[in-house]
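Residues 1 to 559 in the UniProt record's numbering are what the sequence shown spells out, letter by letter. See structure below.
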Amino acid sequence: MLMDVHMQCHAMPCKRKQCMQWNDSLHLLPHHACVKTLGNFVYVCMFKMYARYINMSEHANSVRCVCESRKPDSWRSKEAKQQPKYPCLKSLGTSCSTIRSMPPLVDALEVRRLRELLKKVNEGQMLILQGGDCAERFSDCTEAIIQVKLKILLQMSLVLIWGSRKPVVRIGRIAGQYGKPRSKPTEQVDGVEMSSFKGDNVNCLDADVKKRTPDPDRLLQGYFRSAVTLNYIRALTRGGFADLHNASHWDLGFIKDEQLRKKYEDIAERLLSSLEFLRVCGGADASSTNGIEFFTSHEGLVLDYEEALTRIDSAVSEQREKKKQDQEKQGEFKAKKEGDKAKNDNLKEDKTTSNKTETVGEEDDAQAYYNSGAHFLWIGNRTRQLDGAHVEYFRGIINPIGIKVGPSMPPVELVELIKKLDPLNEAGKVTLITRLGYKNVEAKLPPLIRAVQKAGLKVNWICDPCHGQTRATKEGLKTRDFSEILLELQHTAKTHMKCNNRLHGVHFEMTGEDVTECVGGPQQLLDEHLKARYTSACDPRLNYAQSMEMSFRLAKLLE
1 MLMDVHMQCH AMPCKRKQCM QWNDSLHLLP HHACVKTLGN FVYVCMFKMY
51 ARYINMSEHA NSVRCVCESR KPDSWRSKEA KQQPKYPCLK SLGTSCSTIR
101 SMPPLVDALE VRRLRELLKK VNEGQMLILQ GGDCAERFSD CTEAIIQVKL
151 KILLQMSLVL IWGSRKPVVR IGRIAGQYGK PRSKPTEQVD GVEMSSFKGD
201 NVNCLDADVK KRTPDPDRLL QGYFRSAVTL NYIRALTRGG FADLHNASHW
251 DLGFIKDEQL RKKYEDIAER LLSSLEFLRV CGGADASSTN GIEFFTSHEG
301 LVLDYEEALT RIDSAVSEQR EKKKQDQEKQ GEFKAKKEGD KAKNDNLKED
351 KTTSNKTETV GEEDDAQAYY NSGAHFLWIG NRTRQLDGAH VEYFRGIINP
401 IGIKVGPSMP PVELVELIKK LDPLNEAGKV TLITRLGYKN VEAKLPPLIR
451 AVQKAGLKVN WICDPCHGQT RATKEGLKTR DFSEILLELQ HTAKTHMKCN
501 NRLHGVHFEM TGEDVTECVG GPQQLLDEHL KARYTSACDP RLNYAQSMEM
551 SFRLAKLLE
């Protein structure tokens, strides 16, 4: 058996000098490991590394080769799905070079702050509310529309706070959600074939062959509009607009149902009374209630754009370098203490390789990278391939990462994907966003939960009840049924409870506008009502009243 293991270690050639071979238990072997028997364990004499003990009898057949290339451009060696086909690569390079020279949209400190909050979510201390447009439009970068998008998220968070008695982490699909994956690269419009609309930062929605051609200048436009949107959001959340005490003064005109309006006003009144009580008792001052923390997110889709927005987190890089140096000193001390001159000589020859084993998941050069385009990014259901370019890019950034999990996701693959994106198994790093469809939840979700639980992985689970319910009307409009969205949310919450697991939050495609895109809800919209105010560029969104009603129902589930 030992000979077989030894042969496996040499049977997988790799051109990279620092290529590692690892098994599913995250134990590592260097490329030229020499194995000796030691009781029930295998003593691994590592080339240029000090000895480690590892139980090979259980994992001998799971050794595989993983190249820990962590550079922002390492994705270019992989297959990248859903990428625009630009006619002029020189123009693409110019746009990306300009973005690379621009200031970051978010700071690494803010990214690390969100990681801390998401860790608290994992511990059951907080909840996640993530929501916004399916695809933002450049034309929606206005004062009024940004305000209503922020307002609905703030009001929904108030309801969730009241229902759960927990603080809420607010994450908007905003200030960068300008790209969308599509099921087909082209479509027929009035008998003419043209590129599918892939979001305003790629091409134009107008049914024109020339305008549908991907234009790299739109990446620049997306960057600047993201910056403007984020700047205004920061102003709103730090000023009186986000004052929790002003919730009762917000316009509730979209809610036509008097009972629904009274229900919300009653909840707001209770919350305001609690805040006032805290203030009187000295538990909350004006600074802690006049503003909120708000984070941005988008799907990391167009990798040229995401790479251009990637920056070095100097603080984490310094910590990693210090950790490296400390480990080198510890390794030298241990080798010296054991009196093994051969091992000590090998350590001196290549300390970096020795340190690599102890810091799996970190950069070869100790650099830490983050995506400065958003605090939180997610991988879509169409781009989550284990050997794909998107996973390769995402595994190299410190941002918290979301993974869209559809009904076709095998439990084994989900576990492998989580391990690849978060080899250190850090709470707050990975959030699973399930989008199964209400008919599939009870059959598909339990195996996924059990697989993650068995692997001991620290992930957050949130439910996206919108994507699994999309259908087309007779007129060809995409829509979703409010009742089916609610059913997926209810089934998901109950399934987590049955599996002794925790549902950590929700993810909605919604807007603060009074649109008519989803049927049902408090306004009892029907298919024939949809054309009245259907403005989505892609998928249908819950409108203001539907979103508020959904938050009331969710609060009831959380009581």
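C-beta: ideal position from N, C-alpha, C; glycine also.
Thinking just about the alpha-carbon of each residue, which of the options is nearest to the one in residue i?
i	options	result
A374	K263, R173 and D200	R173
F241	F224, K263, Q147 and D200	Q147
M102	N501, A308 and T237	A308
V452	A443, L154, N501 and K474	N501
A555	G163, T94 and S139	G163
H298	E136, S551 and K531	E136
T383	Y369, V412, L301 and Y438	L301
F294	S77, K474, G93 and V168	V168
K263	V202, D215, T296 and L158	L158
Y369	E306, V430, I418 and D257	E306
C381	Y438, I267 and E413	It is worth fixing the name first, because residue 381 is Asn in this sequence and not Cys. The option with the nearest alpha carbon to N381 is E413.
K166	L117, N203, N425 and T237	L117
S536	R113, L205 and T237	L205
V189	K71, G176 and R212	R212
N203	I292, D217 and E193	D217
L421	P411, I397 and Y438	I397
A227	E193, R238, A235 and A175	A175
E110	A315, L530 and E258	A315
Apart from the five residues just before and just after residue i, which ones in its own chain have a Cβ nearer than 7 Å to its Cβ?
i	result
D539	C134, T470, K478 and E509
V441	E488, H491, T492 and T495
R225	F138 and C141
K198	P84, G179, K180 and R182
S196	R182, K184, P185, T186 and E187
F482	C518, V519, G520, G521 and Q546
L557	Q490 and A493
In the structure shown, what three-state DSSP assignment does residue i receive?
i	result
L158	helix
L503	coil
D481	strand
residue 563	Lying outside 1 to 559, the shown extent of the chain, residue 563 is not represented and no answer is given.
C96	helix
N231	helix
G468	helix
G388	strand
F197	coil
N371	strand
R311	strand
I128	strand
S536	coil
M510	strand
V121	helix
E293	coil
Q188	strand
V168	strand
L542	strand
V280	helix
G520	strand
L525	strand
Q377	Checking the sequence, you will find Leu at residue 377 rather than Gln. If DSSP states are grouped into helix, strand and coil, L377 belongs with the strands.
A299	The sequence shown places Glu at residue 299, rather than the Ala named in the question. Note: E299 maps to strand in three-state DSSP.
Could you give the C-beta distance for residue i and residue j, rounded to a whole number, given that I count them as a contact under 8 Å?
i	j	result
C96	D304	5 Å
F376	I171	6 Å
N231	T310	Between T310 and N231 the Cβ distance is about 21 Å, and since that is not below 8 Å, they are no contact.
D200	G222	7 Å
G388	K81	6 Å
L220	I99	7 Å
I433	V405	6 Å
N122	G428	6 Å
G131	Q177	In fact, because the Cβ distance is near 11 Å, the residues do not count as touching under 8 Å.
Just to confirm my understanding: we take residue i, look at its own chain, exclude 5 residues before and 5 after, and list those with CB closer than 8 Å. What are they?
i	result
D514	F254, R533, N543, Y544 and A545
E143	Y232
K498	P446
L486	P465, M550 and R553
L260	P522, A545, M548, E549 and F552
I449	W461, T495, H496, C499 and N501
E416	L386
Using a Cβ-Cβ cut-off of 6 Å (strictly less than) and excluding sequence neighbours within five positions of residue i, which residues of its own chain qualify?
i	result
P104	R311 and S372
K120	M126
G512	V148, K149, K151, I152 and Y544
S74	E392
K444	P407 and L436
residue 587	No information on residue 587 is available, as it lies outside the stretch 1 to 559 that the chain covers here.
I161	V168
Does the ligand PLP have a heavy atom nearer than 7 Å to the CB of residue i?
i	result
L220	This structure lacks the ligand PLP, and indeed carries no ligand of any kind.
**Q.** Complete runs of the alpha helix (DSSP H) confined to the region 385-468 [at least 4 residues]
**A.** Fully enclosed alpha helix (DSSP H) runs of 4 or longer: 389-394, 411-421 and 441-455.
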